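Here's the structure we're looking at; comments come further down.
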Amino acid sequence: MDFKNLLNRIYAEIKSSKWEDGNLPDYIPELKHINPDKFGMSLITLDGKNYGVGDFQEKFSLQSIAKVFAFTLVYKDLGGKVFERVGVEPSGNPFNSLIQLEQERGFPRNPLINAGALVVCDMIIENFDTPEKTLFDFIRKIARNSSIDYNSSVYQSEKNAGHRNRAMIHLMKSFGTIKNDTDKVLDLYFKLCSLEMNTEELSQTFLLYANEGKIYGSDERILTKSQTKRTNAIMQTCGFYDEAGEFTFRVGLPGKSGVGGGIAAVHPGKYAVATWSPLLNKKGNSVAGMKALELLTTKSGWSVF
Ligand code: GLU
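For the sequence shown, the working numbering begins at 490 and goes up steadily by one.
Right under this line is the structure:
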């Protein structure tokens, strides 16, 4: 597959389109100041080829994409016991919805919505002596990059403005599904969401999920083959808020989006890909990112379906 040519064609098509229906997220003040014209895309194959176009070396806020890494850490450590605390069903609701959580007595539908990621952070605090260090060292390890970190201005901004996440964690605490101090859990969650990478670093990290659970380049196993299949299945069904069906329909790859405008996806056994473009549709997914990935699987004729 000539990915170099393909990415150049996608870049040209994205750059010549107008994305009038997209918006920047306004509920995290720090994310409102990003240049909406940014677009970057990277693709790295399991046979070692690395392609990038546009702003692929500029860091952006991973937001919900980082939830996949926190889930991977607890899944590696606790195995199937994780699912005693969080489900594997798509929510069909916005990522920060409180209604379903109340109806389902504080048991989150899946680890990739906010409530589920808060429970995952609670499990990290419960299971590790130095939770923050363990989480970030783990992410640096699977990224094979010791410079990966969170952005402290975004973290502060989320902390100041995170009213809905506060409401959610207190609701769960009232049902007994959060074991630790709610401020401690929120703090870890806000730091996780403020993680920064560029699309090249993000696709490098996501190669883990294309590579049967082994860190690409070191071949150290993090997840078993079966756990990797399941993690990809959760991304496929739950990775795009209440638009997971639309992403599956248009793109046909497991992946995860974030309100920072990023999307990461994998074709197991072949490649990992990441896009970044800040303008979001009404469901919170990057408009240009979804289009670029749709073009990738349509033009290449490769998807998991
Ligand atoms: N930090 C964001 C929040 O908690 C993450 C949202 C997202 O990217 O889906 O609302």
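Glycine residues also receive a C-beta, built at the ideal position from the N, C-alpha and C atoms. Remember, predicted model here, so these are calculated numbers, not experimental data.
Q.
Could you check whether the Cβ of F736 sits closer than 6 angstroms to any heavy atom belonging to the ligand GLU?
A. What you label residue 736 is simply residue 247 of the sequence shown in a count that begins at 1. For the ligand GLU, not one heavy atom lies less than 6 angstroms from the Cβ of F736.
Q: Give the straight-line distance between the Cα atoms of I723 and S792, rounded to the nearest whole angstrom.
A: Position 234 of the sequence shown, counted from the first residue, corresponds to residue 723. Position 303 of the sequence shown, counted from the first residue, corresponds to residue 792. I723 and S792: Cα-Cα distance of roughly 17 angstroms.
Q: Out of K745, N721, V557, point me to the one whose CA is closest to F465's CA.
A: Nothing can be reported for residue 465, as the shown portion of the chain is limited to 490 through 794.
Q | Simplified DSSP assignment, three categories, for D566 | A | Counting from one through the sequence shown, the residue named residue 566 turns up at place 77. Reduced to three states, the DSSP call for D566 is helix.
Q. Would you report the Cα separation of A555 and G511, rounded to the nearest angstrom?
A. Working through the sequence shown from its first residue, we reach residue 555 at position 66. Working through the sequence shown from its first residue, we reach residue 511 at position 22. Approximately 22 angstroms between the Cα atoms of the pair.
Q | K648, enclosing alpha helix (DSSP H) - first and last residue | A | Working through the sequence shown from its first residue, we reach residue 648 at position 159. Where K648 is concerned, the enclosing alpha helix (DSSP H) stretches over 641–650.
Q.
Given the structure, does S553 come close to the ligand GLU, in the sense that its CB is under 6 angstroms from one of the ligand's heavy atoms?
A. Along the sequence shown, one-based indexing puts residue 553 at 64. Because some heavy atom of the ligand GLU lies under 6 angstroms away, the Cβ of S553 counts as near it: yes.
Q.
For Y698 and P579, I'd like the C-alpha separation in whole angstroms.
A. The count along the sequence shown starts at 1 and reaches residue 698 at position 209. The count along the sequence shown starts at 1 and reaches residue 579 at position 90. Answer to the nearest angstrom: the Cα atoms are 20 angstroms apart.
**Q.** Any non-hydrogen atom of the ligand GLU within 6 angstroms of F545 CB
**A.** Reading the sequence shown from its first residue, position 56 is the one you call residue 545. False, no ligand heavy atom lies under 6 angstroms from that Cβ.
Q: For Q716, I'd like the list of residues in its chain whose CB is within less than 7 angstroms of its CB, leaving aside the five on either flank, ordered along the chain.
A: Position 227 of the sequence shown, counting from 1, holds the residue named residue 716. So the qualifying residues of the chain are Y564, G702.
**Q.** Residue burial classification, A763 (beta-carbon count within 10 angstroms, cutoff 16)
**A.** Against the sequence shown, residue 763 aligns to sequence position 274. Looking at its Cβ environment, which holds 16 or more other Cβ atoms inside 10 Å, A763 is buried.
**Q.** Residues of its chain near L691, where Cβ-Cβ distance is below 6 angstroms and the 5 sequence neighbours each way are ignored
**A.** By 1-based counting over the sequence shown, the position of residue 691 is 202. Here the set comprises A753, A763.
Q: Indicate whether the contact test is met: 3 or more Cβ pairs, each with one atom in the region 742–751 and one in the region 705–713, closer than 8 angstroms.
A: no
**Q.** S707, buried or exposed, once every other Cβ within 10 Å from all chains shown has been counted against 16
**A.** Your numbering for residue 707 matches position 218 in the sequence shown. The residue is exposed, with fewer than 16 neighbouring Cβ atoms inside 10 Å.
Q: Inspect the beta-carbon positions of N684 and L551 and report whether they are closer than 7 angstroms.
A: Mapped onto the sequence shown, residue 684 falls at position 195. Mapped onto the sequence shown, residue 551 falls at position 62. A small correction: the amino acid at residue 684 is Leu; Asn does not occupy that position in the sequence shown. Closer than 7 angstroms, so yes.
**Q.** Outcome for N654 when other beta-carbon atoms lying within 10 angstroms are tallied against a minimum of 16
**A.** For the purposes of this step, residue 654 is identified with residue 165 of the sequence shown, where counting begins at 1. Its Cβ being crowded by 16 or more others within 10 Å, N654 is buried.
Q: Assign F664 to buried or exposed, taking buried as 16 or more other Cβ atoms, counted over all protein chains shown, within 10 Å of its Cβ.
A: One-based indexing of the sequence shown puts residue 664 at position 175. Under this definition F664 is an exposed residue.
Q: Would you mind reading off the limits of the alpha helix (DSSP H) that contains I723?
A: Locating residue 723 in the sequence shown gives position 234, where the first residue counts as 1. Here the alpha helix (DSSP H) through I723 covers 714–727.
Q) Over what stretch of residues does the beta strand (DSSP E) that includes Y540 continue unbroken? A) As a position in the sequence shown, residue 540 is number 51, starting the count at 1. Counting along the chain, the beta strand (DSSP E) containing Y540 begins and ends at 539–543.
Q) Candidates W765, V609, A733: which alpha carbon is nearest D544's? A) Your numbering for residue 544 matches position 55 in the sequence shown. With distances taken between Cα atoms, D544 lies closest to W765.
Q: Let me know the secondary structure DSSP gives K703 once reduced to three states.
A: By 1-based counting over the sequence shown, the position of residue 703 is 214. Strand.
**Q.** 7 angstroms Cβ cutoff met for G503 and A777
**A.** Locating residue 503 in the sequence shown gives position 14, where the first residue counts as 1. Locating residue 777 in the sequence shown gives position 288, where the first residue counts as 1. The residue asked about is misnamed: residue 503 is Ile in this sequence, not Gly. It is a contact, given that the beta carbons lie within the stated cut-off.
Q) When you compare only the Cα positions, how much space is there between Q456 and Y516? A) The displayed coordinates of the chain run from 490 to 794. Any statement about residue 456 would go beyond what the structure contains.
**Q.** Cβ of M724 within 7 angstroms of any chain C Cβ
**A.** Any reference to chain C falls outside this structure, which holds one protein chain only.
Q: Identify every residue that forms a DSSP beta bridge with I533.
A: Here residue 533 corresponds to residue number 44 of the sequence shown, with the count starting at 1. Answer by DSSP bridge pairing, in chain order: N539, A761.
**Q.** Spatial neighbours of K493 in its chain, beta-carbon cut-off 6 angstroms, leaving aside the 5 residues before and after
**A.** Locating residue 493 in the sequence shown gives position 4, where the first residue counts as 1. So the qualifying residues of the chain are Y540.
Q.
Just checking G569 against the ligand GLU - is the residue's beta carbon closer than 6 angstroms to any of the ligand's heavy atoms?
A. Translated into positions along the sequence shown, residue 569 becomes position 80. No, the Cβ of G569 stays beyond 6 angstroms of every heavy atom of the ligand GLU.
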